[in-house]
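**Q** First to last, the sequence lines map onto chains A and B. Read in the numbering used here, the first sequence has 194 at position 186, and its numbers run on one by one without any break. Read in the numbering used here, the second sequence has 156 at position 148, and its numbers run on one by one without any break.
Protein chains: 2
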Amino acid sequence: MRLADLSKRSGVSTATIKYYLREGLLPPGRQINATTAEYDDGHLRRLRLVRALIQVGKVPVATAREVLGHVDDESLGRTIRLGAALWALPQDPEPDEADPAVAAARVEVDRLLELLGWETSRELAPLSPVHRSLVVAVAGLRRLDYPWDAELMAPYGELMMEAARRDLDFLETHAQDSEKVEMAVASAVLFQPVLRALHRLAQEEESARRYGIE
Amino acid sequence: MRLADLSKRSGVSTATIKYYLREGLLPPGRQINATTAEYDDGHLRRLRLVRALIQVGKVPVATAREVLGHVDDESLGRTIRLGAALWALPQDPEPDEADPAVAAARVEVDRLLELLGWETSRELAPLSPVHRSLVVAVAGLRRLDYPWDAELMAPYGELMMEAARRDLDFLETHAQDSEKVEMAVASAVLFQPVLRALHRLAQEEESARRYGIE
DNA sequence: CGTATTGGTGAGCGACACTATCCAAATGCC
DNA sequence: GGCATTTGGATAGTGTCGCTCACCAATACG
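(1) Classify A/Ser83: buried if its beta carbon has 16 or more other beta carbons within 10 angstroms, exposed otherwise.
(2) Answer yes if the region 74-83 of chain A comes into contact with the region 209-218 of chain A, meaning at least three C-beta pairs across the two stretches below 8 Å, and no otherwise.
(3) List the endpoints of the continuous beta strand (DSSP E) containing A/Ala45.
(4) Run down chain B in chain order and give the residues with a C-beta less than 7 Å from the C-beta of A/Val79.
(5) Please state the DSSP three-state secondary structure of A/Gln39.
(6) Have a look at A/Leu11 and A/Tyr47 and give me their C-alpha separation to the nearest angstrom.
(7) So, are the CB atoms of A/Leu120 and A/Met161 less than 9 Å apart?
(8) Find the residues of chain A that neighbour B/Val69, judging by a C-beta separation of less than 8 Å, and give them in chain order.
(9) What in chain B is Cβ-close to A/Gly165, meaning under 9 Å?
(10) From A/Thr128, A/Ala106 and A/Asp13, pick the residue whose C-alpha is nearest to that of A/Leu52; which is it?
(11) Mind checking whether A/Val193 and A/Val69 have CB atoms under 9 Å apart?
(12) Looking at the structure shown, is B/Leu97 part of a helix, part of a strand, or coil, going by DSSP?
(13) Please check if any C-beta of chain B sits within less than 9 Å of the C-beta of A/Glu102.
(14) Along the chain, where does the alpha helix (DSSP H) that runs through A/Glu180 open and close?
(15) Check this for me: beta carbons of B/Ala171 and A/Leu167, under 9 Å apart or not?
(16) In angstroms, rounded to a whole number, what distance separates the CA positions of B/Arg208 and A/Glu127?
(17) Tell me which same chain residues have a C-beta within less than 8 Å of the C-beta of A/Val146, skipping the five on either side of it?
(18) Got a sec? Which residues, its chain only, sit under 7 Å from A/Val64 by beta carbon, not counting five neighbours each side?
(19) According to DSSP, is B/Gly148 part of a helix, a strand, or is it coil?
(20) First and last residue of the alpha helix (DSSP H) that includes B/Asp49?
(21) What does A/Pro201 touch in chain B if you count any residue whose Cβ is under 7 Å from its own?
(22) Report the option in A/Asp49, A/Lys26 and A/Asn41 whose CA atom is closest to the CA atom of B/Leu152.
(23) Taking a Cβ distance cut-off of 9 Å, strictly less, list which residues of the region 149-160 of chain A are near chain B, in chain order.
(24) By Cβ distance below 6 Å, which residues in the same chain neighbour B/Val67 in space, the five residues on each side in sequence not counted?
(25) Measuring alpha carbon to alpha carbon, tell me which residue in B/Pro163, B/Arg17 and B/Ala93 is nearest B/Leu76.
(26) Note down, in chain order, every chain A residue with its Cβ under 7 Å from the Cβ of B/Thr24.
(27) Is the distance from the Cβ of B/Pro137 to the Cβ of B/Ala106 below 9 Å?
(28) Does DSSP put B/Asp107 in a helix, a strand or coil?
(29) Please state whether DSSP places A/Ala133 in a helix, a strand or coil.
(30) From A/Gln99 to A/Thr71, what distance separates their C-alpha atoms?
(31) Residues of chain B with CB under 7 Å from A/Glu170, in chain order?
(32) Looking at the unbroken alpha helix (DSSP H) that takes in A/Asp185, where does it start and where does it end?
(33) I need the DSSP call for A/Asp153, collapsed to helix, strand or coil.
(34) Heavy atom of the ligand ATP less than 8 Å from the Cβ of A/Val117, yes or no?
(35) Would a check of beta-carbon distances place B/Lys188 closer than 9 Å to chain A?
(36) Using a Cβ-Cβ cut-off of 9 Å, state whether A/Pro108 counts as contacting chain B.
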């Protein structure tokens with residue numbers, strides 16, 4: 009398969025594919041000679057994943073490169089690779105430690121994790137980018153004077169834990185080992201919009217049930 | 009309160025505030041004379057909401073203007089205003105109707121809504137931007153050969169319905185009438201990152217429990 | 001043999017959220 | 001009253017980012 013074929017089969021323009029190659033999001037094809045390179049189905053799958061990350065997940069190109077680097081790192085075990093890849097995904101700004109809202113948010117988040125009994129998350133808290141994202145998000149809410157507290161959020165945490173269990177069950181039953189890392193990354197990115205849309209739909213539905221459509 | 013005071017109290021630069029005024033995201037202050045305009049706490053609150061929409065929610069300026077227009081539309085009843093504002097929020101591209109993945113996704117989404125018994129959502133399906141977002145998201149998954157079907161997703165739908173019920177309960181108990189529309193918009197935007205972070209944290213936690221940290 | 005196509009590269013584009021600079025009118029301090 | 005300072009308002013510029021275009025010599029194809 010040559011570049012033009014890859015383009016046709018994926019629906020991505022050759023110019024964009026070249027750009028991805030340049031940016032290291034797509035491994036180079038097998039160079040046959042100065043004007044021909046051969047691509048395979050692996051490239052096609054990788055290209056789809058890249059598009060998913062960038063277009064659906066709005067992941068910046070630089071972050072995508074990092075994530076994919078972890079996915080490909082053969083020197084690591086599967087679990088670590090998966091962790092590293094997911095770990096690299098979030099792209100939230102560093103919290104401003106001088107902001108009192110951030111400090112308060114940190115305390116409240118820790119209380120929430122304690123309530124939920126998420127011990128691992130508490131231990132990893134200082135390191136985890138996801139934890140940082142949560143603190144930033146909560147600080148944002150507090151700055152707008154939202155009554156956000158651990159007791160109020162705990163049920164949402166339980167709901168998300170239930171979702172997470174389903175996610176992992178799904179991963180175990182539906183992916184062969186070699187694809188698990190890739191699939192986990194794709195899920196993390198592609199599932200998000202689905203969940204969000206479901207949430208909003210549920211809000212519309214419940215709102216209509218309570219107050220009518222008018 | 010003059011422009012400079014508004015800037016100090018909100019932490020937003022005067023240049024940016026001027027930009028928002030120009031873009032119609034912030035109503036003009038009460039003009040006292042050619043060089044002085046007076047702003048009040050309403051402006052401060054609105055400014056915070058604008059920042060939340062744009063910075064946290066990544067809502068494009070044009071969309072934010074539209075959403076805020078609905079929030080302010082005194083000619084509508086509360087429920088309609090809320091609906092209109094939330095409907096204007098999503099900013100997903102139009103689905104490509106020629107794409108077979110989109111058609112298949114539409115069928116599967118409808119089956120899901122039937123399974124869940126979300127009748128209102130099914131009726132409103134052709135109109136709702138949220139429904140459209142869901143179809144686009146599902147089509148994206150299918151294009152990557154994800155085994156996505158209604159039965160698999162139904163439990164997630166139930167979880168989101170549970171979350172939606174909590175959302176509305178919260179809104180009813182914590183906001184006075186005049187602020188409900190504004191608060192609903194803020195929640196829709198600010199809650200999203202919190203939920204997402206909780207979801208990822210839950211995945212980390214559950215993954216650690218199953219496979220260890222290594 | 002000649003046209004078309006290949007992969008590679010540097011520069012350019014369009015969208016977007018600001019931001020820097022000016023400006024004339026008005027204020028505030030002495 | 002005088003004069004530097006500050007005000008709101010307008011215009012043009014900046015930085016970032018994900019592409020996209022134009023062009024190149026080398027090669028493939030009919």
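Quick reminder that beta carbons are idealized off the backbone N, C-alpha and C, glycines included. Keep in mind the model is a prediction, meaning the values are calculated, not measured.
**A** The answer reads as follows:
(1) With a threshold of 16 other beta carbon atoms within 10 Å, A/Ser83 falls short and is exposed.
(2) no
(3) For A/Ala45, the uninterrupted beta strand (DSSP E) segment begins and ends at Thr44 to Glu46.
(4) Neighbours of A/Val79 on chain B: none; closest Cβ ~14 Å, over 7 Å.
(5) In the structure shown, A/Gln39 sits in a strand (DSSP, three-state: E or B).
(6) 7 Å
(7) yes
(8) Under the 8 Å cutoff, chain A gives no residues; its nearest Cβ is about 17 Å from B/Val69.
(9) Leu206, Leu209 and Ala210
(10) Of the listed residues, the one whose Cα sits closest to A/Leu52 is A/Asp13.
(11) It is not a contact, given that the beta carbons lie outside the stated cut-off.
(12) coil
(13) no
(14) First-last of the alpha helix (DSSP H) with A/Glu180: Ala158 to His182.
(15) yes
(16) So the two alpha carbons sit approximately 15 Å from each other.
(17) Ala113, Glu116, Val117 and Trp156
(18) Val197, Leu198 and Pro201
(19) helix
(20) Unbroken alpha helix (DSSP H) run through B/Asp49: Asp49 to Arg59.
(21) Ser141 and Ala145
(22) A/Asp49
(23) Leu149, Arg151, Leu152, Asp153, Tyr154, Pro155, Trp156 and Leu160
(24) Leu61
(25) B/Ala93
(26) Per Cβ cutoff of 7 Å: no residues; B/Thr24 is ~16 Å from chain A at best.
(27) no
(28) coil
(29) coil
(30) 8 Å
(31) Neighbours of A/Glu170 on chain B, chain order: Leu167.
(32) It spans Asp185 to Tyr219 - the alpha helix (DSSP H) in which A/Asp185 sits, taken as one unbroken run.
(33) Three-state result, A/Asp153: coil.
(34) The ligand content of the structure shown is nil, which means the ligand ATP is not present either.
(35) no
(36) no
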